[in-house]
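**Student:** Before I ask anything, here is the structure I am working with.
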Amino acid sequence: MFQPVDSQDHPQQEDHAARRAWMGALARADTALLEHGLREVGLPDYVWLRRPETGLMMVRGRAGGTGERFNLGEMTVTRCALRLAAGESGVAYVPGRSHRKAELAALADALLQSPQSAAALRAALLEPLERELQERAECMQRKAQATRVEFFTVAREAGA
57 MFQPVDSQDH PQQEDHAARR AWMGALARAD TALLEHGLRE VGLPDYVWLR RPETGLMMVR
117 GRAGGTGERF NLGEMTVTRC ALRLAAGESG VAYVPGRSHR KAELAALADA LLQSPQSAAA
177 LRAALLEPLE RELQERAECM QRKAQATRVE FFTVAREAGA
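Shown next as structure tokens:
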């Protein structure tokens with residue numbers, strides 16, 4: 057299938073990239089943060105397209121981060137899909153077994169596609185979520201840096 061190269065001529069590619077980013081953030085969000093952000097905007101009526109269900113997903117890795125792919129193991133994932141009364145559909149795949157988190161993430165996905173609610177939900181949910189995820193990443197980086205060990209060899213020290 058043909059894939060357009062220039063995103064200026066194809067705004068749906070930019071929309072796809074934005075949706076991919078917010079879906080990743082919603083999957084990593086805490087349930088309490090999702091509930092708080094959605095409560096501020098208001099929970100709309102919706103119908104289930106696929107009720108939350110839990111299953112296993114294979115996690116793949118790469119040797120050294122760049123080498124051959126290998127199956128690392130399985131993880132539990134919960135997914136669901138719903139449609140708002142206005143017609144927008146939302147889907148969610150979240151790690152773990154929380155049906156409520158999957159429901160809230162799918163609701164947020166649908167609302168973020170709606171021009172009427174997207175701006176309010178970005179301010180109430182996505183911006184605080186992005187700050188929290190950034191803080192988590194920085195904390196993890198600080199912990200990793202604190203335990204970093206430098207190994208030197210005689211040959212390396214002689215060349216320095």
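Each residue of the sequence shown is one higher than the one before, counting from 57 in the working numbering. Note that CB positions come from ideal geometry on N, CA and C, so glycine has one too. Note that the structure is predicted; figures quoted are calculated from it, not measured.
(1) Cα separation between residue 92 and residue 204?
(2) Let me know if residue 79 comes out buried or exposed under the rule of 16 or more other beta-carbons within 10 Å of its beta-carbon.
(3) Within its chain, find whatever has a CB closer than 6 Å to the CB of residue 199; leave out the 5 residues flanking it on each side and keep chain order.
(4) Is the Cβ-Cβ distance between residue 163 and residue 102 less than 9 Å?
(5) Please confirm whether residue 170 and residue 142 have their CB atoms less than 9 Å apart.
(6) Helix or strand or just coil, what does DSSP make of residue 125?
(7) I need the boundaries of the alpha helix (DSSP H) containing residue 97, first residue and last residue.
(8) Please confirm if the segment 110 to 129 is in contact with the segment 179 to 194, defined as three or more CB-CB distances below 8 Å between the two stretches.
(9) May I have the straight-line CA-CA distance separating residue 85 from residue 129, to the nearest angstrom?
(10) Using the three-state DSSP reduction, which class does residue 204 fall into: helix, strand or coil?
(11) Restricting to Cα atoms, I'd like to know which of 96, 190, 160, 196 is closest to residue 140.
(12) Does residue 132 pass the burial test, meaning 16 or more other C-beta atoms within 10 Å, or should it be called exposed?
**Tutor:** Well, looking at it:
(1) On the sequence shown, position 36 is the one that residue 92 refers to. On the sequence shown, position 148 is the one that residue 204 refers to. Rounded to whole angstroms, residue 92 to residue 204 spans 37 Å at the Cα level.
(2) Here residue 79 refers to the residue found at position 23 of the sequence shown. Looking at its Cβ environment, which holds 16 or more other Cβ atoms inside 10 Å, residue 79 is buried.
(3) Start at 1 with the first residue of the sequence shown, and residue 199 comes out as number 143. Closer than 6 Å at Cβ, skipping near neighbours: no residue.
(4) As a working mapping, residue 163 is identified with position 107 in the sequence shown. As a working mapping, residue 102 is identified with position 46 in the sequence shown. Yes, these two residues count as a Cβ contact at 9 Å.
(5) Within the sequence shown, the letter at position 114 stands for residue 170. Within the sequence shown, the letter at position 86 stands for residue 142. Cβ atoms of residue 170 and residue 142: closer than 9 Å.
(6) Start at 1 with the first residue of the sequence shown, and residue 125 comes out as number 69. In this structure, DSSP gives residue 125 an extended state, which the three-state scheme calls strand.
(7) Taking the sequence shown and counting its residues from 1, the one referred to as residue 97 is at position 41. Here the alpha helix (DSSP H) through residue 97 covers 87 to 97.
(8) no
(9) As a position in the sequence shown, residue 85 is number 29, starting the count at 1. As a position in the sequence shown, residue 129 is number 73, starting the count at 1. Distance between the alpha carbons of residue 85 and residue 129 is about 23 Å.
(10) On the sequence shown, residue 204 is found 148 positions in, with the first residue counted as 1. If DSSP states are grouped into helix, strand and coil, residue 204 belongs with coil.
(11) By 1-based counting over the sequence shown, the position of residue 140 is 84. Closest in C-alpha terms to residue 140, from the list 96, 190, 160, 196, comes 160.
(12) Reading the sequence shown from its first residue, position 76 is the one you call residue 132. Exposed, by the Cβ-count rule.
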